[in-house]
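K.L.:
There are 2 protein chains.
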Amino acid sequence: MAVKLRYALSLFGVLLALVSIHTYTVRAEEGPGNSDAFVRRLLDAGLKKNYAYTLLTELASRAPHRLSGSADERKAIALTMRMMDSLGFQEVHAESIMVPHWVRGQRETAAILLDGGRGELPVAVCALGGSVATRRNGITAEIVEVHSFEELARMGEAARGKIVFFNRPMDPTKLRTFEAYGGAVDQRSAGAVRAAEAGGIAALVRSVTLAHDRAPHTGAMGYKDGVAKIPAAAISTVDADTLSSLLKRHPRLKLRMHLDCQTLPDAPSANVVGQITGSEKPDEIIVVGGHLDCWDKGHGAHDDGSGCMQAIEALRLLKELGVNPKRTIRAVMFMNEENGVRGGKGYAADQRRSRERHVAAVESDRGGFAPLGFFVQADSSVLAYVQRWQPLFAQLGTGRIQKGSGGVDIAPIVATGVPGFGLDVPDYRYFDYHHSDNDTVDKVHPRELELGAIVEALLCYLIAEEGLPAHPSNATLER
Amino acid sequence: MAVKLRYALSLFGVLLALVSIHTYTVRAEEGPGNSDAFVRRLLDAGLKKNYAYTLLTELASRAPHRLSGSADERKAIALTMRMMDSLGFQEVHAESIMVPHWVRGQRETAAILLDGGRGELPVAVCALGGSVATRRNGITAEIVEVHSFEELARMGEAARGKIVFFNRPMDPTKLRTFEAYGGAVDQRSAGAVRAAEAGGIAALVRSVTLAHDRAPHTGAMGYKDGVAKIPAAAISTVDADTLSSLLKRHPRLKLRMHLDCQTLPDAPSANVVGQITGSEKPDEIIVVGGHLDCWDKGHGAHDDGSGCMQAIEALRLLKELGVNPKRTIRAVMFMNEENGVRGGKGYAADQRRSRERHVAAVESDRGGFAPLGFFVQADSSVLAYVQRWQPLFAQLGTGRIQKGSGGVDIAPIVATGVPGFGLDVPDYRYFDYHHSDNDTVDKVHPRELELGAIVEALLCYLIAEEGLPAHPSNATLER
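These protein sequences, in sequence, are chains L and G.
For the first sequence, my numbering begins at 1 and goes up steadily by one.
For the second sequence, my numbering begins at 480 and goes up steadily by one.
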């Protein structure tokens, strides 16, 4: 017995030694102890292949229009599971959720009627996500142009029976376009409700973009109980300007519009999950992800195919470098960010979470541009802890580490007290493409995209190895 | 007499008071004393119009191929003088210089001969700037592929009578593409000399770019006294890879190439200069500029129409804001950066400089991307002085202020002891366009370009108001 125990202990010791040697080999050379070399290896492995871009091209060509409930959304789920499997990720699986199912339909046209209907000028519009259809034969009505809800309210009855045209541009003088977007998107999200409350029969919203072109930009809108549901569409900025200038000369101008979009019953869908299981603390999880769904315009290349493929690439890079992290690093393709966030909520609420402790959640959903750094959504003690790594990130040109939002998909995890991290990128071009036919793979630069994956790989690795300090809200997920 | 003097003094006092009130009004609200408001006004004025982009579009459409000595170069001189005049700049003039005059000619073709000449595969090439022509009927010869001058030297006689194909790619794993460029451009600049020394009859150089496409990228090359002048051309990266893989299977493959470029006698040209004359120290000059010439491929949009138009826009912004700077802020369109730097040298050597003291020289020549900050080429005391302004530049997202090169055009000024400043931009995309048909206006983003002009306006203004500390080399220009 004594002999046996000693033998067993020796065997365990040998195994432990072997494991130690293995992990030591990796860690001594590349770990936080010698992280400069690790950064160099990440750059070498990443920028030689720019493999995130290869993945993104695959996603965009096989499943371009990944709106929740759509055929392409199902293809994207299967495709990303195959990607993770073929790259050797562990525990690859889908986690079921139900998602809203809105479909655009076949017909989506509008025209300005000129000369009392003798001529017409087609304009580029697209239904906002969640909109009801127009009557089957379309609607034809006069237009009132407004620039704010206050202006609409002051009009009293003037909007009754008319199409309300919300034409306040994004403010170009804001340095950060996300701020300019935030100052204009109310027209898109709440315009239909406000228009209906004023007696309007449809809402026509200037595309929420700084680009001046013919592409209408869609996006989510909502209705309110007790207020009539009226159709809502985006009009391109070029056509919005044309319409506005025509209205100045011909205030009684009419517009005809057909939309045959509709909302179907909720559909089954899923988040896609795969990971590198931690060697020492497998139940402590670092999530890295983006949202797999996108609007049915363009290919969701920047929004947010980029974030999803960067997450997969971050894990692939760590595997290529032979990293064996202490904690689990998990890529999550969240579903339904665009019109419901059911994926983010569903992930946080899933029964599987009760066996896990989430240490951090990382998201990239500001476009696949070369990051400048990242935002930290956590207690100041976590921010300070992470800022110790600033010199490492500065080697990637991404030394800007500051407080800010992690991301919409990880918000439900972050709400339970888990520190959130969101890639910070230059946003000058993002809304040119956002939610429109312009959001295609050619707008993403392979090196810039890859650098985001490299930054995520480094961040996840450092957290996986060193953990984060306990802080008031850094608790196990609660439901 | 006493009465008259008192009256004269009073009148002077009133005038002085009026001037003081005027300048105080501007300075108290917007000057270094309250610079946050000034930054806000610069953003408002700049991002509302993105006028630098309007200027760039004008330049690129009226004078796209501004190679030194060309017709478009003369158009660009006239156009930028008109721009400065119409914007109300002072002292607008051209400063004559002589420039090299190389012309591409009409014919520029190459083909890989297959099956012993029975088939042929055209490849995209372009003569390097400064190259001699091939024989009239072209050259047809076998090819030796090398990746370094060392490899070529080791070959001994193997390159004799052959076309030497330099095929070392830019290193994609370098974070900064300028560094990767620096590691590959020797093949272009010195390849013809090295090939001729080895007995080669032409140099064919892989385009110095990370883009993988069919656009050959030109650029300057040189010859050496006593070494045969052989033709030199760039081949696109796609065709370089094709050629390389064909050579592995068919080492005795031949290439046929025709170039009819030539070097003509030096031609008269000019730098274009205009300014806002300083109100207190008009002879103390802050130069801001870029180079007006470009290669005859693309439109020189990023390289360096952007830098030129940003300089003009920087002054226009300051004028729009009613700024009356203490020192002179001068926009200079330097000529001939690409193949001689005659403009930069000529500006520094011009007799007019003897009446002036240059305080600083600012250049933008790394592409019209949104700046991250700027490089300072000066004594550490100047760097420290300028870094006090970091919080202001951080409001533009451009807080990265570090030692580095100002720029090629201002180098002759900087060499006399004047502090140089060069915009620092993300360079991920720059060499995709550089010196090729890809360098067109659509690759420049209006907001990103404008932000560079705003940063230059702020930097020039701060230096104009506060000066820079005297430092060992901050002396009057010496010739």
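By construction, the Cβ of each residue, glycine as well, lies at the ideal position given by its N, Cα and C atoms.
Look at N438(L) and A215(L) and say whether their C-beta atoms are less than 8 Å apart.
P.N.:
yes
K.L.:
Who are the neighbours of G397(L) on chain G, taking C-beta pairs under 7 Å?
P.N.:
L654
K.L.:
Using DSSP with H/G/I as helix, E/B as strand and the rest coil, what is C773(G)?
P.N.:
coil
K.L.:
Report the three-state DSSP secondary structure of A2(L) (helix, strand or coil).
P.N.:
Confidence at A2(L) is low in this model, with a pLDDT of 38, below 50, so its placement is unreliable and the value that follows should be read with caution. In the structure shown, A2(L) sits in a helix (DSSP, three-state: H, G or I).
K.L.:
Step through the CB atoms of chain G and report whether any lies within less than 8 Å of the CB of D44(L).
P.N.:
With 8 Å as the cut-off, D44(L) counts as an interface residue toward chain G.
K.L.:
Taking only three categories from DSSP, how would you classify A682(G)?
P.N.:
Reduced to three states, the DSSP call for A682(G) is strand.
K.L.:
Identify every run of the beta strand (DSSP E) within the region 851-886 of chain G, keeping only runs that are complete inside it and at least 3 residues long; order them along the chain.
P.N.:
852-856 and 879-882
K.L.:
What are the uninterrupted segments assigned as alpha helix (DSSP H) that are 4 or more residues long and contained completely in the region 609-637 of chain G, given in chain order?
P.N.:
628-633
K.L.:
Name the one or two DSSP bridge partners that K798(G) has.
P.N.:
In the DSSP output, where bridge partners are listed per residue, K798(G) has none listed.
K.L.:
Measuring CB atoms only, is the region 323-334 of chain L touching the region 459-468 of chain L, in the sense that at least three cross pairs come out at less than 8 Å?
P.N.:
In short, these stretches touch, since the Cβ pair count reaches three.
K.L.:
Report yes or no: do three or more beta-carbon pairs, one from the region 400-420 of chain L and one from the region 438-456 of chain L, lie closer than 8 Å?
P.N.:
no
K.L.:
Measure the alpha-carbon distance for G969(G) versus V855(G) and round it to whole angstroms.
P.N.:
Any answer about residue 969(G) is impossible in this case: the structure gives chain G only from 480 up to 958.
K.L.:
Taking A196(L) as the query, report the chain G residues whose CB atoms sit under 7 Å from its CB, ordered along the chain.
P.N.:
Within chain G, no residue comes near A196(L); the closest Cβ sits about 33 Å away, beyond 7 Å.
K.L.:
For L87(L), collect the residues of the same chain with a Cβ closer than 6 Å to its Cβ; drop the 5 residues on either side in sequence, then sort them by chain order.
P.N.:
Contacts found: R316.
K.L.:
Under DSSP, the beta strand (DSSP E) around G598(G) begins and ends at which residues?
P.N.:
G598 to V602
K.L.:
Does the beta carbon of Y907(G) sit closer than 8 Å to a beta carbon anywhere in chain L?
P.N.:
Yes, its Cβ sits closer than 8 Å to a Cβ of chain L.
K.L.:
Would a C-beta distance cut-off of 8 Å place N815(G) and V578(G) closer than the cut-off?
P.N.:
yes
K.L.:
Give me the residue from Q789(G), L851(G) and F645(G) with the minimum Cα distance to D720(G).
P.N.:
F645(G)
K.L.:
Which residues, in order along the region 44-68 of chain L, keep a beta-carbon less than 7 Å from a beta-carbon of chain A?
P.N.:
Of the protein chains in this structure, namely L and G, none is chain A.
K.L.:
From the DSSP secondary-structure annotation, give me the bridge partner or partners of P426(L).
P.N.:
Partner residues in a beta bridge of P426(L), as assigned by DSSP, do not exist.
K.L.:
Would you list, in sequence order, the uninterrupted alpha helix (DSSP H) runs of no fewer than 4 residues that lie entirely inside the region 33-82 of chain L?
P.N.:
Entirely contained in the region 33-82 of chain L, the alpha helix (DSSP H) runs reaching 4 residues are, in chain order, 35-49 and 51-62.
K.L.:
Have a look at K733(G) and I618(G) and give me their C-alpha separation to the nearest angstrom.
P.N.:
Our two residues, K733(G) and I618(G), have alpha carbons roughly 10 Å apart in a direct line.
K.L.:
Using a Cβ cut-off of 8 Å (strictly closer), state whether P651(G) contacts chain L.
P.N.:
yes
K.L.:
If you draw a straight line from the C-alpha of A211(L) to the C-alpha of I933(G), how long is it?
P.N.:
20 Å
K.L.:
Take the Cβ of Q402(L) as the centre, count every other Cβ of all protein chains shown within 10 Å, and call the residue buried at 16 or more, exposed below.
P.N.:
exposed
K.L.:
Indicate the three-state DSSP secondary structure (helix, strand or coil) for D745(G) in the structure shown.
P.N.:
strand
K.L.:
At a CB-CB cut-off below 9 Å, which residues of chain L make contact with E927(G)?
P.N.:
P426, Y428 and R429
K.L.:
Is the separation between the beta-carbon of I808(G) and that of L797(G) shorter than 8 Å?
P.N.:
yes
K.L.:
Check E363(L) in the structure and name its three-state DSSP category.
P.N.:
In this structure, E363(L) counts as strand in the three-state DSSP scheme.
K.L.:
Roughly how many whole angstroms lie between the Cα atoms of T559(G) and D911(G)?
P.N.:
27 Å
K.L.:
Whole-angstrom Cβ separation of A712(G) and A590(G), contact assumed at under 8 Å?
P.N.:
Actually they are not in contact, since the Cβ atoms of A712(G) and A590(G) sit about 13 Å apart, beyond 8 Å.
K.L.:
Ignoring anything shorter than 3 residues, give me the beta strand (DSSP E) runs that lie fully in the region 639-726 of chain G, in order along the chain.
P.N.:
As far as the region 639-726 of chain G is concerned, its whole beta strand (DSSP E) runs of at least 3 residues are 642-645, 681-685 and 711-714.
K.L.:
Report the residue from E108(L), H435(L), N50(L) and L152(L) whose alpha carbon sits nearest the alpha carbon of A301(L).
P.N.:
The option with the nearest alpha carbon to A301(L) is H435(L).
K.L.:
Quick one: residues in its chain with C-beta nearer than 6 Å to the C-beta of D844(G), no 5 flanking neighbours on either side, listed in chain order?
P.N.:
G769, D783, G786 and G886
K.L.:
Ignoring anything shorter than 4 residues or poking outside the region 913-956 of chain G, list the alpha helix (DSSP H) runs there in chain order.
P.N.:
If one requires a minimum length of 4 residues, the alpha helix (DSSP H) runs lying completely within the region 913-956 of chain G are 925-945, in chain order.
K.L.:
Excluding the 5 residues preceding and the 5 following E284(L) in the sequence, name in chain order all residues of the same chain whose CB lies nearer than 6 Å to its CB.
P.N.:
If you ignore the 5 residues before and after E284(L), its C-beta comes within less than 6 Å of the C-beta of R327, R357 and V359, all in its own chain and listed in chain order.
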